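Undergrad: Quick note on full-length UniProt numbering: the sequence shown kicks off at 1 and runs consecutively. Where is the CB? At the ideal position from N, CA and C, for every residue including glycine. These numbers were taken from a predicted model, which means no experiment stands behind them.
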Amino acid sequence: MPDPAPDAPQLYLMTPAGAQASTLGPQLSAVMDAFPVACLRIRAGAEEDELGRLADLAREIAHARDVAVVIDDHLVLAQRHGLDGVHLTDGARTVRYARKELGADAIVGTFCGTSRHDGMSAGEAGADYVSFGPIGASALYRGDPVDLDLFEWWSETIEVPVVAEGAITRALLEQVSPVSDFIAIGPEIWSADDPVAALAALWG
Numbered sequence: 001m002p003d004p005a006p007d008a009p010q011l012y013l014m015t016p017a018g019a020q021a022s023t024l025g026p027q028l029s030a031v032m033d034a035f036p037v038a039c040l041r042i043r044a045g046a047e048e049d050e051l052g053r054l055a056d057l058a059r060e061i062a063h064a065r066d067v068a069v070v071i072d073d074h075l076v077l078a079q080r081h082g083l084d085g086v087h088l089t090d091g092a093r094t095v096r097y098a099r100k101e102l103g104a105d106a107i108v109g110t111f112c113g114t115s116r117h118d119g120m121s122a123g124e125a126g127a128d129y130v131s132f133g134p135i136g137a138s139a140l141y142r143g144d145p146v147d148l149d150l151f152e153w154w155s156e157t158i159e160v161p162v163v164a165e166g167a168i169t170r171a172l173l174e175q176v177s178p179v180s181d182f183i184a185i186g187p188e189i190w191s192a193d194d195p196v197a198a199l200a201a202l203w204g
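1) For the alpha helix (DSSP H) holding Asp-149, just list the boundary residues, first then last.
2) What are the complete alpha helix (DSSP H) segments, minimum 4 residues, inside the region 176-200?
3) Run through DSSP, which three-state label would Asp-72 get?
4) In the DSSP assignment, find the beta strand (DSSP E) that holds Ile-107 and state where it starts and stops.
5) Quick one: what's got a C-beta closer than 6 Å to Ser-121's C-beta in the same chain, skipping five residues either side?
6) From Ser-29 to Ile-61, what distance separates their C-alpha atoms?
7) What is the C-beta distance between Ala-46 and Ser-131, in whole angstroms, given that I count them as a contact (C-beta under 8 Å)?
8) Cα separation between Gly-136 and Thr-169?
9) Mind listing, in chain order, the continuous alpha helix (DSSP H) runs of no fewer than 4 residues lying wholly within the region 26-101?
10) Just tell me which of Pro-36, Gly-113, Arg-41 and Ala-125 has its CA closest to the CA of Val-160.
11) Checking 8 Å against the spacing of the C-beta atoms, do Ser-177 and Ala-8 come in under that value?
12) If you draw a straight line from the C-alpha of Val-19 to the C-alpha of Ala-167, how long is it?
13) Return yes when the Cβ of Leu-57 is within less than 8 Å of the Cβ of Gly-25, no when it is not.
14) What three-state label does DSSP hand Pro-4 in the structure shown?
15) Rounded to the nearest angstrom, what separates Trp-203 and Leu-173 at their Cα positions?
16) In three-state terms, what does DSSP make of Ser-138?
17) Near Glu-152, which residues of its chain fall below 6 Å by C-beta distance, leaving aside the five closest residues on each side in sequence?
18) So is Gly-143 buried or exposed if we call it buried at 16+ other beta carbons inside 10 Å?
19) Buried or exposed for Pro-6, please, with buried defined as at least 16 other CB atoms from any protein chain shown within 10 angstroms of its CB.
20) Name the one or two DSSP bridge partners that Met-120 has.
21) Could you tell me which residues DSSP puts in a beta bridge with Glu-165?
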């Protein structure tokens, strides 16, 4: 696999929502062995006990490959299971609280939908990255797709790293890559029979 260009966005991998640790392990390992991943995000959607098992599995697989792990919203699980931080889903609202609870070294990222204002507020509150989306039309997200001009403006104006996520296609990936630091991929590949092949077709 060729090395990415110096300014190419990095892959930010999301687990399937509601994933079961017992079945995810081999697929997750295969994807992370085939592609360089910058960060692994554990998506919520399972019961807390299952999320705990998933956190332990993801930490073991990711840390063995020097990849950081964050989890959706669960500060306590992040601390209890030795994860690297959290991905908040409420914009700027709990960034300061999460930072206070987890400390200066933890990763605190947040999803800001299509809101430039929320993104700026999150950055000012100390977020390590801000995520905008969905990029394409998706029933998994509320509202219309984000205007891709937001990424161009952000990359020119704001220093906080930006993540593009939600219904990523190859065409949309080509559009948003020059103005994004990370591309979040998850639902786009996990429903396929072969997630590695699906990611290869998407990521190139």
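TA: According to the structure shown:
1) Counting from 1 along the sequence shown, the entry for residue 149 is found at position 149. DSSP places Asp-149 in the uninterrupted alpha helix (DSSP H) bounded by 149-157.
2) Whole alpha helix (DSSP H) segments, 4+ residues: 187-190.
3) The residue given as residue 72 occupies position 72 in the sequence shown. In this structure, DSSP gives Asp-72 an extended state, which the three-state scheme calls strand.
4) Within the sequence shown, residue 107 is the residue found at index 107, counting from 1. First-last of the beta strand (DSSP E) with Ile-107: 107-111.
5) Numbered from 1 along the sequence shown, position 121 holds the residue referred to as residue 121. Excluding positions up to five away in sequence, the list reads Ala-92.
6) Position 29 of the sequence shown, counted from the first residue, corresponds to residue 29. Position 61 of the sequence shown, counted from the first residue, corresponds to residue 61. C-alpha separation (whole angstroms): 6 Å.
7) Position 46 of the sequence shown, counted from the first residue, corresponds to residue 46. Position 131 of the sequence shown, counted from the first residue, corresponds to residue 131. Their Cβ separation, rounded to whole angstroms, is 21 Å, which puts Ala-46 and Ser-131 out of contact at 8 Å.
8) Within the sequence shown, numbered from 1, the residue matching residue 136 stands at position 136. Within the sequence shown, numbered from 1, the residue matching residue 169 stands at position 169. Looking at the two C-alpha atoms, the distance is approximately 8 Å.
9) 48-63 and 75-80
10) Start at 1 with the first residue of the sequence shown, and residue 160 comes out as number 160. When each option's Cα is compared against that of Val-160, the closest is Ala-125.
11) Mapped onto the sequence shown, residue 177 falls at position 177. Mapped onto the sequence shown, residue 8 falls at position 8. A contact, by the Cβ cut-off of 8 Å.
12) Position 19 of the sequence shown holds residue 19. Position 167 of the sequence shown holds residue 167. Correcting the residue identity first, residue 19 is Ala in this sequence and not Val. Their backbone Cα atoms lie some 19 Å apart in a straight line.
13) As a first step, residue 25 is located in the sequence shown; it is residue number 25 there, counting from the start. As a first step, residue 57 is located in the sequence shown; it is residue number 57 there, counting from the start. A contact, by the Cβ cut-off of 8 Å.
14) Taking the sequence shown and counting its residues from 1, one reaches residue 4 at position 4. With a pLDDT of only 40 at Pro-4, under 50, the local geometry of the prediction cannot be trusted, and no value is derived from it.
15) Translated into the one-based positions of the sequence shown, residue 203 becomes position 203. Translated into the one-based positions of the sequence shown, residue 173 becomes position 173. C-alpha separation (whole angstroms): 8 Å.
16) Working through the sequence shown from its first residue, we reach residue 138 at position 138. The answer is coil: DSSP assigns Ser-138 none of H, G, I, E or B.
17) The count along the sequence shown starts at 1 and reaches residue 152 at position 152. Around Glu-152: Val-179.
18) By one-based count along the sequence shown, residue 143 stands at place 143. With fewer than 16 other Cβ atoms within 10 Å, it is exposed.
19) Walking along the sequence shown from the start, residue 6 turns up at place 6. Reliability of the predicted coordinates at Pro-6 is poor, the pLDDT of 45 falling under 50, and the value obtained from them is presented with this limitation in mind. Exposed, by the Cβ-count rule.
20) Your numbering for residue 120 matches position 120 in the sequence shown. Its beta-bridge partners do not exist; DSSP assigns none.
21) Here residue 165 is taken as the residue at index 165 of the sequence shown, counted from 1. Note: Glu-165 sits in a beta bridge opposite Ala-184.
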